[in-house]
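Engineer: Using mature numbering (1 follows the signal peptide of the UniProt record, and there is no 0), the letters of the sequence shown map in sequence onto residues -23 to -1, 1 to 548.
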Amino acid sequence: MKLALRWHVFLIGFLLGTSGAFAADKPQTSAPSTQLAQRPGHAGIASANTLATEAGLEVLAKGGNAFDAAVAVASTLSVVEPESSGIGGGFMATMYIAADKRSVFIDARETAPAAVNTKDYLNPDGTPNRDTALKGPLSAGIPGEPAGLAWLAKHYGKLPLTASLAPAIRTARDGFKPDNRLLGSINEEQKNLERWPASAGKFLPGGKAPAAGQVWSDPDQAHTLELLAKYGEPGFYSGETAQKLVSAVHEAGGNWTLKDLAAYRVKERAPLTVDYRGYKIITAPPPSSGGVAIAEILNILSGFDLSKLDQVHRVHLVIEAMRRAFRDHNDYLGDPDFVKMPLNMLLSPYYADGLRQTILPDKATPSSMLAPSNSEDPGQHTTHFSIIDADGNMVAMTCTVNYVLGSTFVAKGTGVLLNDEMDDFALVANKPNVYGLLGSKANAPEPGKRMLSSMSPSIVIGADRTAVIGSPGGSTIITQVLEGILAFIDGGDAHQVVAYKRFHHQYMPDRVMVEPGAFDAATSSALTQMGHTLKEREPWGFMNAVIWDRRTNKLDAASDPRREDGLGKVQ
Ligand code: DON
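#1: Alpha carbon to alpha carbon, how far is residue 528 from residue 19?
#2: Do you know how far the Cα of residue 57 is from the Cα of residue 160?
#3: Roughly how many angstroms separate the alpha carbons of residue 545 and residue 519, rounded to a whole number?
#4: Starting from residue 73, follow the beta strand (DSSP E) in both directions and report where the run begins and ends.
#5: Excluding the 5 residues preceding and the 5 following residue 9 in the sequence, name in chain order all residues of the same chain whose CB lies nearer than 7 Å to its CB.
#6: Per DSSP, what kind of secondary structure is residue 514 in: helix, strand or coil?
#7: For the alpha helix (DSSP H) that contains residue 35, what are its first and last residues?
#8: For residue 269 and residue 191, I'd like the C-alpha separation in whole angstroms.
#9: Keeping to the same chain, check which residues put their C-beta closer than 6 Å to that of residue 212; ignore five residues upstream and five downstream.
#10: Using a threshold of 6 Å, is the CB atom of residue 264 nearer than that to any non-hydrogen atom of the ligand DON?
#11: So, do the segment 21 to 28 and the segment 508 to 525 have three or more beta carbon pairs nearer to each other than 8 Å?
#12: Tell me whether residue 509 is buried or exposed, calling it buried when 16 or more other Cβ atoms sit within 10 Å of its Cβ.
#13: Determine which residues share a DSSP beta bridge with residue 481 and list them.
#14: Do the CB positions of residue 117 and residue 430 come within less than 7 Å of each other?
#15: State the DSSP-derived secondary structure class of residue 324, mapped to helix, strand or coil.
#16: For residue 391, which of 283, 147, 377, 219 has the nearest alpha-carbon?
#17: So what does DSSP say about residue 536, is it helix, strand or coil?
#18: Spatial neighbours of residue 305 within its chain, please: C-beta separation below 8 Å, excluding the five flanking residues on both sides.
#19: Considering only C-alpha positions, which residue in the set 336, 315, 111 is nearest to residue 301?
#20: So, using beta-carbon positions, are residue 68 and residue 31 closer together than 7 Å?
#21: Out of curiosity, what's the CA-to-CA distance linking residue 114 and residue 52?
#22: If the criterion is Cβ atoms closer than 7 Å, does the pair residue 254 and residue 74 meet it?
#23: Count the other CB atoms within 10 Å of the CB of residue 149; is the residue buried (16 or more) or exposed (fewer)?
#24: Please state if the CB of residue 60 and the CB of residue 358 are separated by a distance shorter than 7 Å.
#25: Distance check for residue 471 and residue 536, CA to CA, integer angstroms please.
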């Protein structure tokens, strides 16, 4: 096999209608280059964990499509990668339905409970209370992931939830060997997990994190998933699970009600599309800020011929475009069901023309000169996976419980680890959240409102190649996906796209986060001369991409090498 596939990235061969079968490593090379393939005939999945990718493949082998596989992958990640995402959190997905030649965005983002009270996120002296924002039940929004998975099965899948959730239920019940990254996350958060008996019960069996190589199971989550499989959405949002969630949250000082859970709704939205250099980018609309920012950046960059520039000037322009897009992020964006956003302006090429004019060719613009809008931890949690199935259906899905192990609060008897997504609201106006993002009224918490996200699951369609990409990383998600798109448009294959060395600017703080190795000494010094403040950071992100070359009909799937190189914790 030519592709250097990693354990959690697979391509698989499937029956091609009545015409027989072929293996994944033997794509249809005979397709003439003038005739673009209409369907891959084989499937690719790239996710953060071997067991999750295998779960997706298992469901495809049972006759499922990409949407069924997405249910299997996401639910298995809830079990095996709980530090990043799960049924106590939410997701956003950009999908392409091949039969209808249509794309759709699934918003299974969490919502604020009706009793949300901004005072809960302040200390008595009026300073932000970072503990209630990030730990315990007050930090948790009403989960969207279970409803989102049920929605996918009902509206897009071919299999019942009992089939697509089966691998996750089995893994939770029979157990698995946690990878080093999960064990590291449990150790990192041990003190917080000890604050709540059900959290300690789940993650600290016998009072400490499971040892490497030890089989660890989660029968409570298996039961909760079984109820979801059996009854669909009501199996989580009413009845036994809902009762348990609400009473556990109340016991620990939270404010959820049964009504909040019953009122949760998945939203289907029109994805945001951007045209850039002959490619159509299909990406996340609000309540993600990702697509708007990516569109704004690409619109600004479309006025330059980046391929004719040296690295220094190319990077300079990308940084300046990032700076301007993030300023707008802070000021304007929020839940479209609650706030009016000037999207026509933000997405207009004329607006981009205006912003482009403010960029000096050889000098950084201090963010303070651009009119208003700090921590800057890119975060290593949240998870993204990409799927293309044999028929050309595509799913780019980013799932999150927000920060590492979410709120660290497990609702007793459910195995459900609640998210700490409330911190993605501007809980205190113009005070940075954990990713250093600022916000104002547009993203202030309100009952039932969705908190702004950076998640940017995207599909990029060119004349002869298509990419499904996304990544975790808090505010850096946006710039990672942008840089992935640029690498793809420059001809990069899946491995090059996910490995591309990253840099990030988010308006405030006014500095460029640089991954070691992104710039050579001469480039760094030239950028510094131009007035950019460079700050080297540990590698960030965990991109998973699948690329379909419709000329050769070859699928190419890759998972971010940083996980092995930088963190070295892939099982
Ligand atoms: O929705 C968001 O933007 C965040 N909750 C994502 C968090 C994240 O990516 C954490 N780290 N990798």
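Glycine included, C-beta positions come from ideal geometry on N, C-alpha and C.
Model, not experiment: these values are computed from the prediction.
Structural biologist: Here's the rundown:
#1: Linking residue 528 to residue 19 through their CA atoms gives a straight-line distance of about 15 Å.
#2: Going by the C-alpha atoms only, they are around 11 Å apart.
#3: Confidence in residue 545 is poor, its pLDDT being 23 and thus under 50, which makes the residue's placement too unreliable to answer from.
#4: 67 to 74 is the span of the beta strand (DSSP E), which, as asked, contains residue 73.
#5: Summary for residue 9: the model assigns pLDDT 44, below 50, so the residue's position carries little reliability, and this model does not support an answer.
#6: If DSSP states are grouped into helix, strand and coil, residue 514 belongs with coil.
#7: Residue range 27 to 38 is occupied by the alpha helix (DSSP H) that includes residue 35.
#8: Annotation: residue 269 to residue 191 spans about 44 Å, alpha carbon to alpha carbon.
#9: These residues qualify, in order along the chain: 204, 205.
#10: Incorrect: residue 264 has no Cβ contact closer than 6 Å to the ligand DON.
#11: Verdict: yes, contact present.
#12: So residue 509 counts as buried.
#13: In the DSSP output, where bridge partners are listed per residue, residue 481 has 490.
#14: No; because the gap between Cβ atoms is not below 7 Å, this pair is not in contact.
#15: DSSP places residue 324 in coil when its eight states are reduced to three.
#16: The shortest C-alpha separation from residue 391 is found at 219.
#17: It is a strand residue.
#18: Closer than 8 Å at the Cβ level, and outside the excluded window around residue 305, lie 269, 270, 273, 323.
#19: Closest option to residue 301, Cα to Cα, is 336.
#20: No. Outside cutoff.
#21: One alpha carbon belongs to residue 114, the other to residue 52, and they sit about 22 Å apart.
#22: Taking 7 Å as the cut-off, the Cβ atoms of residue 254 and residue 74 do not count as close.
#23: Buried, since its Cβ has 16 or more Cβ neighbours within 10 Å.
#24: In this structure, residue 60 lies closer than 7 Å to residue 358 by Cβ.
#25: Computed Cα separation, rounded: 8 Å.
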